[in-house]
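If you count the sequence shown from 1, position 45 lands on 45 in the UniProt record's numbering, and the numbers rise without skipping.
Quick notes on the structure that follows.
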Amino acid sequence: MRAIVSQIQPYCRRLWSPVLMMTLFRQRLEAYGFSGMLGSLWPVVPESSLITLAQQ
């Protein structure tokens, strides 16, 4: 996983993985520095709402 991420990071701002809905895999992906994730655990929200959501 580390090799894949390091190779695509300079060219790709997003990485999609169908396993994000599983907490274990989400935690493993967080270790690679992903700043945002989308999966069935999280609803889609506008960027302007992120600060408000993080403060709750």
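Built from N, CA and C at the ideal position, the CB exists for glycine as well.
Looking at C-alpha atoms only, which residue of the options is the closest neighbour of residue i?
| i | options | result |
| --- | --- | --- |
| Ser6 | Leu29, Ala54, Leu53, Thr52 | Leu29 |
| Arg2 | Thr23, Leu24, Ala31, Thr52 | Ala31 |
Within a Cβ cutoff of 7 Å, which residues of the same chain sit near residue i, ignoring the five residues on either side of it in sequence?
| i | result |
| --- | --- |
| Gly33 | none |
| Val45 | Leu53 |
Near residue i, which residues of its chain fall below 6 Å by C-beta distance, leaving aside the five closest residues on each side in sequence?
| i | result |
| --- | --- |
| Leu50 | none |
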